[in-house]
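Engineer: Handing you a structure now.
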Amino acid sequence: MSQGKNSVNLLHKNYLHSLSIEKRWVRFYQGVIFIVFFSGWELSSQQRWIDPLLFSSPSKIWNLFLEKFHDGTLLSNLGVTLTETVFGFILGTLLGTLLAALLWWSPMLSKIIDPYLVILNAMPKVALGPILIVALGPGYSSIIAMGAIISVIITTIVVYTSFKEVDPNYLKVLQTFGANRFQCFKEAILPASFPTIISTLKVNVGLSWVGVIVGEFLVSSRGLGYMIIYGFQVFNFTLVFLSLLVIAVVATIMYQLVELLEKKLIKE
Amino acid sequence: MSFLAIKDVHHTYFTKASATTALSEITLQVEEGEFVSFLGPSGCGKTTLLSIIAGLIKPTHGTILLENKPLSGLKNQIGYMLQQDYLFPWKTIEENILLGLKLSNQLNDGTKRAALDLLKQIGLGGIEKQLPKQLSGGMRQRAALVRTLATEPKLLMLDEPFSALDYQTKLKLEDLVSKTLDEFGKTAILVTHDIGEAIAMSDRVVLFSPSPGRIHKVFEMPDELKSLSPFNARNHETFSSIFQTIWKELESLESGKE
Numbered sequence: 701m702s703q704g705k706n707s708v709n710l711l712h713k714n715y716l717h718s719l720s721i722e723k724r725w726v727r728f729y730q731g732v733i734f735i736v737f738f739s740g741w742e743l744s745s746q747q748r749w750i751d752p753l754l755f756s757s758p759s760k761i762w763n764l765f766l767e768k769f770h771d772g773t774l775l776s777n778l779g780v781t782l783t784e785t786v787f788g789f790i791l792g793t794l795l796g797t798l799l800a801a802l803l804w805w806s807p808m809l810s811k812i813i814d815p816y817l818v819i820l821n822a823m824p825k826v827a828l829g830p831i832l833i834v835a836l837g838p839g840y841s842s843i844i845a846m847g848a849i850i851s852v853i854i855t856t857i858v859v860y861t862s863f864k865e866v867d868p869n870y871l872k873v874l875q876t877f878g879a880n881r882f883q884c885f886k887e888a889i890l891p892a893s894f895p896t897i898i899s900t901l902k903v904n905v906g907l908s909w910v911g912v913i914v915g916e917f918l919v920s921s922r923g924l925g926y927m928i929i930y931g932f933q934v935f936n937f938t939l940v941f942l943s944l945l946v947i948a949v950v951a952t953i954m955y956q957l958v959e960l961l962e963k964k965l966i967k968e
Numbered sequence: 004m005s006f007l008a009i010k011d012v013h014h015t016y017f018t019k020a021s022a023t024t025a026l027s028e029i030t031l032q033v034e035e036g037e038f039v040s041f042l043g044p045s046g047c048g049k050t051t052l053l054s055i056i057a058g059l060i061k062p063t064h065g066t067i068l069l070e071n072k073p074l075s076g077l078k079n080q081i082g083y084m085l086q087q088d089y090l091f092p093w094k095t096i097e098e099n100i101l102l103g104l105k106l107s108n109q110l111n112d113g114t115k116r117a118a119l120d121l122l123k124q125i126g127l128g129g130i131e132k133q134l135p136k137q138l139s140g141g142m143r144q145r146a147a148l149v150r151t152l153a154t155e156p157k158l159l160m161l162d163e164p165f166s167a168l169d170y171q172t173k174l175k176l177e178d179l180v181s182k183t184l185d186e187f188g189k190t191a192i193l194v195t196h197d198i199g200e201a202i203a204m205s206d207r208v209v210l211f212s213p214s215p216g217r218i219h220k221v222f223e224m225p226d227e228l229k230s231l232s233p234f235n236a237r238n239h240e241t242f243s244s245i246f247q248t249i250w251k252e253l254e255s256l257e258s259g260k261e
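Line by line, the protein sequences are chains A and B. For the first sequence, the residue numbers in our numbering are 701 to 968. For the second sequence, the residue numbers in our numbering are 4 to 261.
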């Protein structure tokens with residue numbers, strides 16, 4: 701009996717071991733891809749297999765990174781873009797949810813407004829950029845508006861759909877207790893849709909980066925989008941690549957943070 | 004002067020394609036403390052009638068009087084239990100059972116203690132802080148019963164509350180519900196398609212015929228069954244003869260349709 705248990709323990713240990721080996725191989729190959737990509741880039745740039753003026757090289761980007769980091773311009777530009785993005789996607793998600801609540805509140809309004817939502821959703825929102833800049837002035841407000849407007853309609857549509865899909869029996873329970881429409885919304889509709897709202901938050905992080913960077917292309921004199929455009933104008937592609945890499949890293953961190961928030965808020 | 008009076012209720016559902024009459028000429032009286040079952044094949048308007056009595060649907064025609072007062076404006080006089088528990092999964096059991104009190108602004112120390120006592124009485128002490136998904140189906144349905152009873156409704160509507168449970172849990176819960184309702188002297192209406200359940204639990208069984216829903220026949224249960232718990236009633240000798248009678252009636256309804 702105890703022998704049988706021992707062998708089960710042993711098998712389990714072997715299984716765990718094989719899992720950790722597999723994980724190590726995955727990490728290994730991920731590292732290999734990283735190293736091969738960057739050293740290949742460096743090598744082909746130094747050997748002039750690719751045009752170093754156009755494609756720069758990791759070592760040049762790293763040196764520029766150190767330089768920009770020490771003179772503080774990188775952090776201040778990053779700070780500007782990050783603030784705009786965070787405000788943009790929070791504003792977009794909140795407004796979208798609020799609009800969805802309004803549509804749920806009045807089915808009549810939702811019927812009336814439906815075709816307009818479809819049109820607004822289909823339209824590329826960045827095309828509104830020039831109008832926003834004229835209306836709000838070239839500055840933070842128009843860039844934040846770009847970050848928000850790009851996610852607000854899709855948030856409205858997704859969240860409203862989830863509001864409508866809440867099991868009507870939960871509402872029936874509340875109605876038998878004499879709940880009014882606001883109480884139904886607060887007790888059932890909103891909490892039941894919470895997972896959907898959080899997952900739109902994840903999508904909106906990515907969308908807002910697009911809105912903000914395009915906004916900075918158009919107007920700003922600061923921020924990572926500005927660094928890209930400036931690098932492009934003076935043909936300093938090392939600066940463009942630096943900005944791209946910083947955006948990639950920071951956007952990933954932001955996405956991971958929202959995912960962490962999701963895990964915290966939606967207890968399993 | 005009956006407790007609940009249903010007078011000449013008609014109800015028609017309208018859709019784009021058709022107008023379906025779900026209920027026609029329903030007149031029925033229920034006395035205080037009585038347990039009545041609505042029995043019938045699916046599509047006979049049982050649940051529609053229950054929703055009308057609960058004030059969730061307004062009938063196209065007819066009136067419902069509870070203690071001689073019309074239903075509109077009566078809040079929390081009627082408790083409603085659904086086929087599944089529909090406990091809110093993001094609320095703890097305590098938050099769930101206090102929900103009705105909270106919504107009607109009746110939540111205070113006294114009513115809260117009464118609700119928690121009721122939870123203990125029903126055999127669910129010590130789980131107040133747990134989430135619904137940590138409980139078994141039977142426990143959840145019991146918690147839902149506490150939620151319904153916590154607002155002290157005068158009339159209880161049970162819409163096939165046992166249909167989603169396994170047989171053993173269902174038998175136990177029938178006994179528990181029947182005992183609890185007796186203790187509190189509640190009036191109850193049960194909707195079911197289970198003949199045995201209707202006979203075992205009720206004082207009176209109302210048989211509905213379908214399309215449109217009408218009252219086909221009313222069976223008064225004999226006193227010796229009324230006094231027994233549902234489980235013992237199922238084993239009583241008169242049970243099977245009543246079962247046969249109602250079964251034949253249902254059969255005749257089906258054959259009459261063809």
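Glycine is no exception: its CB is placed at the ideal position from the N, C-alpha and C atoms.
1) For I81/B, which residues in chain A fall below 8 Å Cβ to Cβ?
2) In chain A, which residues lie less than 8 Å from A57/B when you measure between Cβ atoms?
3) Hey, V852/A and L795/A: beta-carbon distance below 9 Å or not?
4) Given E968/A, which residues of its chain have a CB within under 8 Å of its CB, disregarding the five upstream and five downstream residues?
5) So with CB distances below 9 Å, who are the chain A contacts of F91/B?
6) For chain B, find out if any of its Cβ atoms is closer than 9 Å to the Cβ of Q883/A; answer yes or no.
7) Using a Cβ-Cβ cutoff of less than 6 Å, which residues in the same chain neighbour G140/B once the five nearest sequence positions on both sides are dropped?
8) Per DSSP, what kind of secondary structure is A879/A in: helix, strand or coil?
9) Looking at the secondary structure, which residues open and close the alpha helix (DSSP H) in which M204/B lies?
10) From the DSSP output, read off the bridge partner residues of Q32/B.
11) Straight-line CA distance for P758/A to L945/A?
12) Would L193/B and S54/B qualify as a contact pair, given that the criterion is a beta-carbon distance under 9 Å?
13) Exposed or buried, which one is P92/B when buried takes at least 16 other CB atoms within 10 Å?
14) Just to confirm my understanding: we take P752/A, look at its own chain, exclude 5 residues before and 5 after, and list those with CB closer than 6 Å. What are they?
15) Does L74/B come out as helix, strand or coil in the three-state DSSP assignment?
16) Please determine if the stretch 216 to 223 of chain B and the stretch 58 to 77 of chain B are in contact, where contact requires at least 3 C-beta pairs separated by less than 8 Å.
17) When the Cα atoms are used, what is the spatial distance from G103/B to I897/A?
18) Using three-state DSSP, classify F297/B as helix, strand or coil.
19) Given this structure, state the Cα-to-Cα distance separating E186/B from E163/B, to the nearest angstrom.
20) How about A146/B and L159/B: are their beta carbons less than 9 Å apart?
21) Can you check which of these residues, L874/A, S920/A and A845/A, is closest to L85/B by C-alpha distance?
22) When you compare the CB positions of Y870/A and A800/A, do they come within less than 9 Å of one another, or not?
23) Cβ atoms of T781/A and E887/A: under 9 Å apart, would you say?
24) Express the C-alpha separation of L957/A and L901/A in angstroms, rounding to a whole number.
25) Where does D88/B land, buried or exposed, given buried means 16+ other C-beta within 10 angstroms?
26) In chain order, what residues of the same chain lie with their CB nearer than 6 Å to the CB of V919/A, ignoring the 5 residues before and after it?
27) Around the Cβ of Y715/A, are there at least 16 other Cβ atoms within 10 angstroms (buried) or fewer (exposed)?
28) For E200/B, count neighbouring C-beta atoms within 10 Å of its own C-beta (all shown protein chains included) and say buried if the count is 16 or more, exposed if not.
29) In chain B, what lies closer than 8 Å to A879/A by C-beta?
30) Could you spell out where the alpha helix (DSSP H) holding M927/A opens and where it closes?
31) Determine the extent of the alpha helix (DSSP H) in which K220/B is found, giving its start and end residues.
32) The stretch 144 to 176 of chain B: which residues have C-beta closer than 9 Å to a C-beta of chain A, in chain order?
33) Return the chain-ordered ranges of every alpha helix (DSSP H) run that is complete within the stretch 838 to 913 of chain A and spans a minimum of 4 residues.
34) Considering only their Cβ atoms, is the gap separating L42/B from V180/B smaller than 9 Å?
35) W749/A to L820/A, Cα distance in whole Å?
Structural biologist: According to the structure shown:
1) Start at 1 with the first residue of the second sequence, and residue 81/B comes out as number 78. Going along chain A in sequence order, the residues near I81/B (Cβ under 8 Å) are T876.
2) On the second sequence, residue 57/B is found 54 positions in, with the first residue counted as 1. Here the neighbours are T876.
3) What you label residue 852/A is simply residue 152 of the first sequence in a count that begins at 1. What you label residue 795/A is simply residue 95 of the first sequence in a count that begins at 1. The answer is yes: Cβ separation under 9 Å.
4) Working through the first sequence from its first residue, we reach residue 968/A at position 268. Reliability of the predicted coordinates at E968/A is poor, the pLDDT of 49 falling under 50, and the value obtained from them is presented with this limitation in mind. The answer is none, since no qualifying residue turns up.
5) Indexing the second sequence from 1 puts residue 91/B at position 88. Within chain A, the residues near F91/B are Y870, V873, E887, A888, P891 and A892.
6) Sequence index remark: in the first sequence, residue 883/A carries index 183 (1-based). So, interface residue.
7) By one-based count along the second sequence, residue 140/B stands at place 137. L168, listed in sequence order.
8) Here residue 879/A is taken as the residue at index 179 of the first sequence, counted from 1. It is coil, neither helix nor strand.
9) On the second sequence, residue 204/B is found 201 positions in, with the first residue counted as 1. Counting along the chain, the alpha helix (DSSP H) containing M204/B begins and ends at I198 to M204.
10) Your numbering for residue 32/B matches position 29 in the second sequence. In the DSSP output, where bridge partners are listed per residue, Q32/B has A8/B.
11) Locating residue 758/A in the first sequence gives position 58, counting from the first residue. Locating residue 945/A in the first sequence gives position 245, counting from the first residue. Taking the straight line from one Cα to the other gives about 10 Å.
12) The residue labelled residue 193/B in the question sits at position 190 within the second sequence. The residue labelled residue 54/B in the question sits at position 51 within the second sequence. No, the Cβ-Cβ distance between L193/B and S54/B is not below 9 Å.
13) Locating residue 92/B in the second sequence gives position 89, where the first residue counts as 1. Classification of P92/B: exposed, given that the 10 Å Cβ count is below 16.
14) Stepping through the first sequence from its first residue, residue 752/A is reached at position 52. These residues qualify, in order along the chain: S745.
15) As a first step, residue 74/B must be located in the second sequence, where it is residue number 71. Coil at L74/B, not helix or strand.
16) no
17) Here the question's residue 103/B lines up with position 100 in the second sequence. Here the question's residue 897/A lines up with position 197 in the first sequence. In a straight line, the C-alpha of G103/B is about 27 Å away from that of I897/A.
18) The displayed coordinates of chain B run from 4 to 261. Any statement about residue 297/B would go beyond what the structure contains.
19) Walking along the second sequence from the start, residue 186/B turns up at place 183. Walking along the second sequence from the start, residue 163/B turns up at place 160. In a straight line, the C-alpha of E186/B is about 21 Å away from that of E163/B.
20) Taking the second sequence and counting its residues from 1, one reaches residue 146/B at position 143. Taking the second sequence and counting its residues from 1, one reaches residue 159/B at position 156. No, these two residues do not count as a Cβ contact at 9 Å.
21) As a first step, residue 85/B is located in the second sequence; it is residue number 82 there, counting from the start. Of the listed residues, the one whose Cα sits closest to L85/B is L874/A.
22) Against the first sequence, residue 870/A aligns to sequence position 170. Against the first sequence, residue 800/A aligns to sequence position 100. Contact flag unset, no.
23) Working through the first sequence from its first residue, we reach residue 887/A at position 187. Working through the first sequence from its first residue, we reach residue 781/A at position 81. Cβ atoms of E887/A and T781/A: not closer than 9 Å.
24) If you number the first sequence from 1, residue 901/A lands on position 201. If you number the first sequence from 1, residue 957/A lands on position 257. Straight-line Cα distance between these residues: approximately 11 Å.
25) Within the second sequence, residue 88/B is the residue found at index 85, counting from 1. Answer is buried; the Cβ neighbour count reaches 16.
26) For the purposes of this step, residue 919/A is taken as residue 219 along the first sequence, with counting starting at 1. Only I833 and P838 meet the Cβ criterion.
27) Here residue 715/A refers to the residue found at position 15 of the first sequence. When all chains shown are included, Y715/A counts as exposed.
28) As a working note, residue 200/B is residue 197 in the second sequence. Classification for E200/B: buried.
29) Against the first sequence, residue 879/A aligns to sequence position 179. Correct list: L106.
30) Here residue 927/A is taken as the residue at index 227 of the first sequence, counted from 1. Its alpha helix (DSSP H) spans residues L924 to Q933.
31) Within the second sequence, residue 220/B is the residue found at index 217, counting from 1. That residue, K220/B, is in no alpha helix (DSSP H); its beta strand (DSSP E) goes R217 to E223.
32) A147, R150, T151, T154, P156 and M160
33) 840 to 864, 868 to 876 and 881 to 884
34) Along the second sequence, one-based indexing puts residue 180/B at 177. Along the second sequence, one-based indexing puts residue 42/B at 39. Result no, Cβ atoms of V180/B and L42/B do not sit closer than 9 Å.
35) Locating residue 749/A in the first sequence gives position 49, counting from the first residue. Locating residue 820/A in the first sequence gives position 120, counting from the first residue. For W749/A and L820/A, the distance between alpha carbons rounds to 46 Å.
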